[in-house]
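Structure first, commentary second.
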Amino acid sequence: MRPLLLALPGNEALTQELAYQLGTSLADYTLRSFPDGETYVQLHTPVAGRTLVLVCTLAQPNPQLVPLYFLAETARDLGARRVYLLAPYLAYMRQDARFQPGEGITSAYFARLLSGFLDGLLTVAPHLHRWHQLRDIYSMPTQALHATGPLAQYVRMQVTQPVLIGPDSESKQWVAAIAREAGCPFLVLNKQRHGDRSVKIAPPDVARFQHHTPVVVDDIISTARTMIATVQHLRRAGLPAPVCLGIHALFVGASYQELMAAGAGPVVTCNTVPHPSNAINLAPLLADALARLPG
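So the number in this note's numbering is just where the residue sits in the sequence shown, counting from 1, plus 201.
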């Protein structure tokens, strides 16, 4: 039996497409706040004996966590066989070490929290750095899906004579994989981050790529400082407006507009986080993974 899908607020479009591709249905529910701010949940669709997949990209994890927890626990109380989370974007992966005395390693704490009330997690391209795999911190079964194929297909089909540009050494492995599949060259830059909104990038040596279309690739576009600095360097070097390619479109504040104003060409992201830049549909990838879940 196919899993039953439940779309948390803001995830309706993707969940409806997944339900269509899987040939399954959506769970109906009520989620609202009492006047004092407490959360009320009610499941209207029977879940007894079913596998339920909660679909919730975690771009705003703090306000999303309580509804997610209450829906999962309600489903379990009502007899759901298993409760999974499909979080196309998985939050709290950056703080993977104690960089300053007294800091919390919140990636580990968040993993412990989710593992305590879910039977499994599916996500796309989690920001793994010091943690090498999700099971380093998650005690439940996890599956990290790769967006390499869809990204490479976009580059191959939509960009003329591309050269991929990764922002830092962390990105080399997956930028190289995209370039290999797209059949194009790539560069990796040297980045130094000074705080949340200050990034310094060594000017790239792009002389031999004057007749290529630069494609700046990053997994998460949040403040866009990295992409903005890279775009500015490339434009000063005489290259055409770069395509800016990302997986997770967080775009904090006015960062999207600032990236465009810096001289970027098309800004293209996957639909892991709803945003006007979403042009790469990962629903087929996600649906295939959901179809393989244990019933």
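A virtual CB, placed ideally from N, CA and C, is assigned to each residue, including glycine.
| Asked | Found |
| --- | --- |
| Which full runs of the beta strand (DSSP E) of 3+ residues lie inside the region 227 to 293, going along the chain? | 230 to 234, 240 to 244, 252 to 256 and 283 to 288 |
| Where does L205 fall in DSSP's three states? | strand |
| Tell me where the alpha helix (DSSP H) around G143 begins and ends. | This structure does not reach residue 143, given that the chain is present from 202 up to 496, and the question cannot be answered. |
| From the DSSP output, in three-state form, read off D297 for me. | coil |
| Checking the sheet assignment: what are the DSSP bridge partners for L365? | F387 and V416 |
| Can we say the region 375 to 383 touches the region 430 to 442, given the rule of at least three CB pairs closer than 8 Å? | no |
| Relative to the C-alpha of R437, which candidate in T424, A463, H449 and V416 has its C-alpha closest? | A463 |
| When DSSP labels each residue in this structure, what does H476 get in the three-state scheme? | coil |
| Is A326 helix, strand or coil when you go by DSSP? | coil |
| From what residue to what residue does the alpha helix (DSSP H) around A488 run? | A484 to A492 |
| Keeping to the same chain, check which residues put their C-beta closer than 8 Å to that of F410; ignore five residues upstream and five downstream. | V364, P386, L388 and L440 |
| If you check the beta carbons only, do I481 and P351 fall under 7 Å apart? | yes |
| Of the choices C445, E459, A425 and P467, whose alpha-carbon is the least far from that of L451? | A425 |
| Smallest Cα separation from M461: which of H449, S478, T473 and C471? | S478 |
| List the residues that DSSP assigns as beta-bridge partners of L446. | V418 and V469 |
| Quick one: grab the DSSP three-state call for T343. | strand |
| If distances are taken between C-alpha atoms only, which option among G321, L322, D297 and L319 comes closest to Y310? | D297 |
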